[in-house]
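As given, the protein sequences belong to chains L and H, one line each in that order. Sequential numbering of the first sequence, starting at 1, is according to my numbering. Sequential numbering of the second sequence, starting at 1, is according to my numbering.
Number of protein chains: 2
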Amino acid sequence: MPELRKDPLSGRWVVFSTERRRRPTDFKVGLTPHASESPFTHGHEHLTPPEVFAIRPNGGPHNSPDWQVRVVPNRYPALRVEGELIRRADGIYDAMSGIGAHEVVAETHLPDVPFHRLPHEQIVRVFEALRSRWEDLRRDGRLKHLVAFKNHGALAGATLRHPHSQIVATPFVPPSAATKLDAAREHFARTDRSLFQDILDTERRGAERLVAQNHDFTAFCPYASRAPFEIAVYPSFQSHDFGRCQTHDFWQLAEVLRDALARLHASLDDPPFNMLLISAPLQEDALRWPTLRHDFRWHIEILPRLSVFAGFEMATGCFINTVTPEEAARHLRQVQLPR
Amino acid sequence: MPELRKDPLSGRWVVFSTERRRRPTDFKVGLTPHASESPFTHGHEHLTPPEVFAIRPNGGPHNSPDWQVRVVPNRYPALRVEGELIRRADGIYDAMSGIGAHEVVAETHLPDVPFHRLPHEQIVRVFEALRSRWEDLRRDGRLKHLVAFKNHGALAGATLRHPHSQIVATPFVPPSAATKLDAAREHFARTDRSLFQDILDTERRGAERLVAQNHDFTAFCPYASRAPFEIAVYPSFQSHDFGRCQTHDFWQLAEVLRDALARLHASLDDPPFNMLLISAPLQEDALRWPTLRHDFRWHIEILPRLSVFAGFEMATGCFINTVTPEEAARHLRQVQLPR
């Protein structure tokens, strides 16, 4: 049973999951070598735990081939749904049982396609699968927050080459999300405006950090990017909860995201990156953020991993970036994409 | 001129230093290949900027060989002392000029000795050199905080094999330190006790996470270790400011640190790690933490980098650890060290 422990100095929770040690790739950096070994090609469904969601346009039983998107529990889960959520003092420390969810989204059955080269409608299906998991996991009132993320490339922590994302549900709102929710709440209290909208207004007007946009979404290199070529994607309309999006929104999002990722891929020759989807707390009763429907927006962060976060970053929580977002955005905009 | 920019959502500062891009190893992971190319062997003093500090027991001019420890400005500095510290609004964002310091400490002239195999008195000299830099940089009232860190191994961000540490002074107290200072202040306000002392009492009494100790210092695997085999070293006496330590303290510290690092080296076959030295704000007028002399302690964190911090860590600020600190400490204690 995994355990969650809180560090009293930094306030951050750590998931202790000794089971995850059984992962064949733990303690080394590298991708599984052969696509033929991928658990996410059609016919390999028996290599994964039973699915929790799949899109099968032609019907067919659970765990059969011919799915388009498939979601399964992680074979080496950091957190588990099974068990009781017990919060306890451990002497002077704080702990709770490792309740949560850890799932893997197979984004396609093809073992080696970059995300941005998936057909537009396939990316929409991936978002539909995520939304479905958002809705299902939300029913478990113990789960307070959900993040989805994609690790692409070994230096970004991927251990499997097959295009996939992961979902982790936690029984608390994690510090990165809480800090942003706090900032948005305070900005709203002071100005009656959404901080996200203020940022968007600045970026769409100034345009020097813009990467791609359509009517509903904006991709830009953030003013204080942590790493060269970091890209943020915000909805241009008020939308706090990814799980409440409409399929129409996903078509719009897929367009901007494919555009931004294609530019990143071309600019840096398929760099390793993490793609993060940050949304509002899962449950409606997030008392600490009473105005979040007005002030917070779900958003996507794409963080290229071209260098190692080292002692400075670990000691300070700050980052050193050698490329300004204005430079990065200029490069990204100049890429000629095939039409 | 480097620039500092603040991210409005996360509150973290990012250093923009386009000069650092000239580093030969930027954008790839790897160590300089040949020890003969090291800028920190005797006779190679001309390969570095002029030194800011050195220990030469036999005297000798600045920048001559036969030094024992030598501190030089980083050739590719993230922050610079030269210039004026200007804080400004950049539209809706916050920025300031990249004032600070970024120095490199050559811990020995020998190009390839693990830190824990340096003679005891040499490690004391390294701490004396750090203390000297602490005192010198403190005189610049613009500099609010100083961290020292060591990146060992390519996966920990080292780009040079020669044993060295780095010092970075910042014109603000960085978020990681501020969070700990806040936690210590709040614990003290509530209990009249130091949180660091409470942790030490727990760890020294329970002993299951202890790694090494003497009268003045304690090394243990923290209750909520971020990564397998993380080790913290605290002074067992009240001491908020590393720069105020006595040389006697350094002898005691070197003993515990060498012991802990030797155990780590033997347990995991010379793993990559970051070693971080976190101390109180540089200036005495840290108004936000009026009780820090009573509640805060400088400390060292040793963070092995056996796996990549990936999407989950980036999205949440939390960590997944596959080895409990109790297990790690047991392994570390069982190592038979040569006497």
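The beta carbon of each residue, even a glycine, is placed where N, CA and C say it ideally should be.
| Asked | Found |
| --- | --- |
| Is the shortest distance between the beta-carbon of Phe217(H) and the beta-carbons of chain L less than 8 Å? | no |
| How about Ser165(H) and Glu107(H): do their beta carbons lie closer than 8 Å? | yes |
| Find the residues of chain H that neighbour Val105(L), judging by a C-beta separation of less than 9 Å, and give them in chain order. | In chain order: nothing, as chain H lies at least about 12 Å away. |
| Can you tell me whether DSSP reads Phe250(H) as helix, strand or coil? | helix |
| What residue ranges within the region 85-128 of chain H form continuous beta strand (DSSP E) runs of no fewer than 3 residues, ordered along the chain? | 87-90, 93-97, 101-106 |
| Can you give, in chain order, each stretch of the alpha helix (DSSP H) that sits fully within the region 147-197 of chain L and has at least 4 residues? | 175-191 |
| Where do the N-terminal and C-terminal ends of the alpha helix (DSSP H) with Pro325(L) fall, by residue? | 325-334 |
| Exposed or buried, which one is Thr159(H) when buried takes at least 16 other CB atoms within 10 Å? | buried |
| Measure the C-alpha to C-alpha separation of Gln336(L) and Asp249(L) and round it to an integer number of angstroms. | 26 Å |
| Spell out a yes or no on whether the region 277-284 of chain L and the region 166-183 of chain L are touching, meaning 3 or more CB-CB pairs, one atom from each, closer than 8 Å. | yes |
| Do Phe40(L) and His109(L) come within 8 Å of each other at the CB atom, strictly closer than that value? | yes |
| Compute the distance between the beta-carbons of Ala183(L) and Leu200(L), then report whether it is under 8 Å. | no |
| Which residue spans inside the region 194-263 of chain H form an unbroken beta strand (DSSP E) run of at least 3? | 210-213, 217-220, 231-235 |
| Cβ atoms of Arg75(H) and Pro49(H): under 8 Å apart, would you say? | yes |
| Can at least three beta-carbon pairs, one atom from the region 131-150 of chain H and one from the region 255-268 of chain H, be found at a separation below 8 Å? | no |
| Grouping DSSP H, G and I as helix and E and B as strand, with all else coil, what is His299(H)? | strand |
| If we define contact as Cβ-Cβ less than 8 Å, is Asn214(L) a contact residue for chain H? | no |
| Gly91(L) and Met1(L): beta carbons closer than 8 Å? | no |
| Under 6 Å Cβ to Cβ from Ala169(L), same chain only, skipping five residues before and after it: list those, please. | Gly100, Ala101, Leu137, Leu143, Leu146 |
| Where Ile320(L) and Glu284(H) are concerned, what is the direct C-alpha to C-alpha distance, given to the nearest angstrom? | 27 Å |
| With 16 other CB atoms within 10 Å as the buried threshold, where does Ala95(L) fall? | buried |
| So what does His145(L) bridge to, in DSSP terms? | Thr170(L) |
| Where does Met314(H) sit, in a helix, a strand or coil, going by DSSP? | helix |
| Short of 7 Å in beta carbon distance, which residues of its chain neighbour Leu118(L), apart from the five on each side in sequence? Order them along the chain. | Glu107, Thr108 |
| Using the Cα positions of Ala344(L) and Gly243(H), report the straight-line distance between them to the nearest angstrom. | The first residue shown for chain L is 1 and the last is 339, placing residue 344(L) beyond what the model contains. |
| Buried or exposed, going by whether 16 or more other CB atoms sit within 10 Å of the CB of Ala262(H)? | buried |
| Please list, in chain order, all residues of the same chain as Gly153(H) whose beta carbon is under 6 Å from its beta carbon, the five residues on each side excluded. | Pro272 |
| Measuring only between beta-carbons, confirm whether Ala328(L) sits less than 8 Å from chain H. | no |
| So does the region 325-339 of chain L actually touch the region 289-301 of chain L, counting three or more Cβ pairs closer than 8 Å? | no |
| Among the residues of its own chain, which have a CB less than 7 Å from the CB of Ala78(L), if the five just before and after it don't count? | Pro2, Val15, Ser17, Arg20, His102, Val168 |
| Within 10 angstroms of its Cβ, does Gly43(L) collect 16 or more other Cβ (buried), or is it exposed? | exposed |
| For Ser225(L), would you say it is in contact with chain H, using Cβ-to-Cβ distances shorter than 8 Å as the test? | yes |
| Check whether the Cβ atoms of Arg131(L) and Cys245(L) lie closer than 8 Å to each other. | yes |
| Who are the Cβ neighbours of Asn151(H) in its own chain at under 7 Å, not counting the five residues just before and after it? | Gly157, Ala158, Asn274 |
| What is the DSSP secondary structure of Lys28(L), reduced to helix, strand or coil? | For Lys28(L), the pLDDT reaches just 42, beneath the cut-off of 50, and the residue's location in the model is therefore unreliable, although a value from the coordinates is still provided. Note: Lys28(L) maps to coil in three-state DSSP. |
| Judging by CA-CA distance, which residue of Val72(L), Pro61(L), Ser36(L), Gln68(L) is the nearest neighbour of Glu51(L)? | Val72(L) |
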